[in-house]
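Participant: Convert by adding 55 to the 1-based position in the sequence shown; the result is the number in my numbering. Sharing a structure here in structure tokens format.
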Amino acid sequence: MIPSILMIEIEIYETNAGKRPFEKWLESIDRQAQKRVLIALGKLADGNTGSLKSVGNGVHEIKITFGPAYRIYLGKKGKRIVLLLCGGTKKRQNNDIIKAKELWQEYQKENLH
56 MIPSILMIEI EIYETNAGKR PFEKWLESID RQAQKRVLIA LGKLADGNTG SLKSVGNGVH
116 EIKITFGPAY RIYLGKKGKR IVLLLCGGTK KRQNNDIIKA KELWQEYQKE NLH
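In structure tokens:
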């Protein structure tokens with residue numbers, strides 16, 4: 056019997072105003088860094104969640120050890136879906152975490168059932 060593989064669906068958060076903070080950040084970094092970010096997201100999509108670290112309030116961080124130590128911030132929507140909130144670097148980590156928590160809280164308020 057072949058073991059089932061946990062695949063994770065990745066979505067990009069879009070604000071009510073139509074802004075996509077993660078996408079905007081990704082487009083602002085150089086091509087080599089973009090490749091590293093996409094590799095990390097590919098691993099996550101394949102079910103590799105070992106690199107996720109909770110930073111509080113339902114927000115998680117993926118560290119990318121390249122350049123200025125890039126970070127990806129996301130929220131988890133169940134077991135198989137993650138929502139990309141924003142990105143940043145080690146230097147701006149505290150501010151980026153605050154922003155990610157605000158975006159996650161905004162998303163949750165918008166999607167109350």
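Using N, Cα and C, we set each Cβ at its ideal position, and we do this for glycine too.
Three or more C-beta pairs under 8 Å: does that hold for the region 127-138 against the region 84-99?
Facilitator: yes
Participant: Our contact map puts K154 next to C141 with C-beta atoms below 8 Å; I'd like the distance itself, whole angstroms only.
Facilitator: 6 Å
Participant: For the alpha helix (DSSP H) that S106 lies in, which residues bound it at each end?
Facilitator: Per DSSP, S106 belongs to no alpha helix (DSSP H) and is neither H nor E.
Participant: K131 by DSSP, collapsed to three states: which one?
Facilitator: strand
Participant: Any idea if I119 is buried or exposed, counting beta-carbon neighbours within 10 angstroms, 16 or more meaning buried?
Facilitator: buried
Participant: Roughly how many angstroms lie between the CA atoms of M56 and I67, to the nearest whole one?
Facilitator: In this prediction, M56 has a pLDDT of 47, which is less than 50 and means its spatial position is unreliable; what the coordinates show is noted afterwards. Between M56 and I67, the C-alpha separation is close to 35 Å.
Participant: Who pairs with Y125 in a beta bridge, going by DSSP?
Facilitator: I119 and T144
Participant: Could you please give the first and the last residue of the uninterrupted alpha helix (DSSP H) stretch that includes I67?
Facilitator: Careful: I67 lies outside any alpha helix (DSSP H), inside the beta strand (DSSP E) at E64 to I67.
Participant: Taking the alpha helix (DSSP H) that I94 belongs to, which residues open and close that run?
Facilitator: R86 to A100
Participant: Grouping DSSP H, G and I as helix and E and B as strand, with all else coil, what is L138?
Facilitator: strand
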